[in-house]
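Remarks on the structure that follows.
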Amino acid sequence: MFKTELHCHSRDVSACARVGAADIIDKFVGSGYSTLVLSNHFSKGTMEFVGATDWNDWIDKYIAGYTRLKDEAQGKLNVLLGMELRFNENMNDYLVFGVTEELLRSVPDIFNMCPDSFHKIAREHGCLFIQAHPFRNGMKVVGPWCLDGVEVFNGHMGHDSRNDIANAWADKYNLIKTSGTDFHYADSPANGGILTEAEVTSMEQLVEILKSGNYTLNKDI
1407 MFKTELHCHS
1417 RDVSACARVG
1427 AADIIDKFVG
1437 SGYSTLVLSN
1447 HFSKGTMEFV
1457 GATDWNDWID
1467 KYIAGYTRLK
1477 DEAQGKLNVL
1487 LGMELRFNEN
1497 MNDYLVFGVT
1507 EELLRSVPDI
1517 FNMCPDSFHK
1527 IAREHGCLFI
1537 QAHPFRNGMK
1547 VVGPWCLDGV
1557 EVFNGHMGHD
1567 SRNDIANAWA
1577 DKYNLIKTSG
1587 TDFHYADSPA
1597 NGGILTEAEV
1607 TSMEQLVEIL
1617 KSGNYTLNKD
1627 I
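The opening residue of the sequence shown carries number 1407 in the working numbering; numbering runs sequentially from there.
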């Protein structure tokens, strides 16, 4: 079985992350992963943190973090572009799988959107819209009609994400289930992701796998 991490942050973009590209690659290759989705924070606060002067400069800096990690991998790990999106309305976070640079450049008003309005755009572009750690303190429950799925295992050791409640919520509303390490620190365990029979080598393939349900959650509870 092949392991794919779905929720990882690098210090190149995410203000809360402390690990650089080289150490991320070493960590996940050493932990037996074949693929990693870099889901750096995509928010107004992160845009300010990297010192972006305008929207295109922000996207340049955001993509540069992904490019650096991919270059550092040198073929040892498949690195895919993702994001952890936050709207201005509250502290909720959403993992988006299938996002492209072109899509990001086309939505300069994204932070003023809401789950319902962005979900329509995500569907139009073949993306999956997943609420990250939906039952962590400070989160607001979102109507299941606004989502494709929820993160039912979040491995961040500094938070109680109430993964059992998230799993029950996904069952109740027949939502896609995802698992992620939510990697930020060098000593964070590589304890999340999914297991698949085939190696995941593209985001298009990953989206189809998540839609099909043909995977097993990797979760170290």
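Ideal Cβ placement from N, Cα and C applies to all residues, glycine included.
Since the model is a prediction, treat every value here as computed from it, not as a measurement.
(request) Give the secondary structure of L1534 by DSSP, where H, G and I count as helix, E and B as strand, and everything else as coil. (result) Against the sequence shown, residue 1534 aligns to sequence position 128. Here L1534 sits in strand by DSSP.
(request) Helix, strand or coil for E1557, going by three-state DSSP, please let me know. (result) Taking the first residue of the sequence shown as 1, we reach residue 1557 at position 151. Strand at E1557.
(request) Find the nearest neighbour of A1582 within the set V1556, N1560, P1521, D1570, judged by alpha-carbon distance. (result) For the purposes of this step, residue 1582 is taken as the residue at position 176 of the sequence shown. Per the sequence shown, residue 1582 should be read as Ile rather than Ala. The option with the nearest alpha carbon to I1582 is V1556.
(request) Could you name the residues that DSSP lists as bridge partners for G1451? (result) Residue numbering aside, residue 1451 sits at position 45 when the sequence shown is read from its first letter. The partner list for G1451 (beta bridge, DSSP) is empty, contrary to what the question assumes.
(message) Helix, strand or coil for G1564? Go by DSSP, reduced to three states.
(response) As a first step, residue 1564 must be located in the sequence shown, where it is residue number 158. Here G1564 sits in coil by DSSP.
(message) Can you tell me whether V1443 is buried or exposed? The criterion is at least 16 other CB atoms within 10 Å of its CB, across all chains shown.
(response) Position 37 of the sequence shown, counted from the start, is the residue given in the question as residue 1443. The residue in question, V1443, is buried, as its Cβ has 16 or more Cβ neighbours within 10 Å.
(message) Just to confirm before moving on: does the CB-CB distance between H1539 and L1509 stay below 7 Å?
(response) Within the sequence shown, the letter at position 133 stands for residue 1539. Within the sequence shown, the letter at position 103 stands for residue 1509. Contact: no.
(request) In the DSSP assignment, find the unbroken beta strand (DSSP E) run with L1442 in it and report its ends. (result) For this step, residue 1442 is matched to residue 36 along the sequence shown. Its beta strand (DSSP E) spans residues 1439 to 1444.
(request) Report the partner residues of L1486 according to the DSSP bridge assignment. (result) Taking the first residue of the sequence shown as position 1, residue 1486 is located at position 80. Note: L1486 sits in a beta bridge opposite V1443.
(request) Please report how far the alpha carbon of D1522 lies from the alpha carbon of Y1591, in whole angstroms. (result) Numbered from its first residue, the sequence shown carries residue 1522 at position 116. Numbered from its first residue, the sequence shown carries residue 1591 at position 185. Straight-line Cα distance between these residues: approximately 32 Å.
(message) The beta strand (DSSP E) that contains V1613, what's its start and end?
(response) By 1-based counting over the sequence shown, the position of residue 1613 is 207. No beta strand (DSSP E) holds V1613; the alpha helix (DSSP H) holding it covers 1609 to 1618.
(request) Can you give me the Cβ contacts of Q1537 inside the same chain, cut-off strictly under 6 Å, excluding the 5 residues immediately before and after it? (result) If you number the sequence shown from 1, residue 1537 lands on position 131. Closer than 6 Å at the Cβ level, and outside the excluded window around Q1537, lie Y1500, V1548, L1553, V1556.
(request) Kindly indicate which residue of G1426, E1454, M1497 has the alpha-carbon position closest to the one of G1471. (result) Here residue 1471 corresponds to residue number 65 of the sequence shown, with the count starting at 1. The option with the nearest alpha carbon to G1471 is G1426.
(message) If I measure Cβ to Cβ from A1428 and keep anything under 6 Å in the same chain, skipping five residues before and after, which residues do I get?
(response) To locate residue 1428, count along the sequence shown from 1; it is residue 22. Within the same chain, A1428 has close Cβ partners E1478.
(message) Give me the residue from S1512, F1434, D1515 with the minimum Cα distance to G1481.
(response) Stepping through the sequence shown from its first residue, residue 1481 is reached at position 75. Nearest option by C-alpha distance: F1434.
(request) Determine which residues share a DSSP beta bridge with E1411 and list them. (result) Against the sequence shown, residue 1411 aligns to sequence position 5. DSSP, once it has assigned bridges, lists L1442 as partnering E1411.
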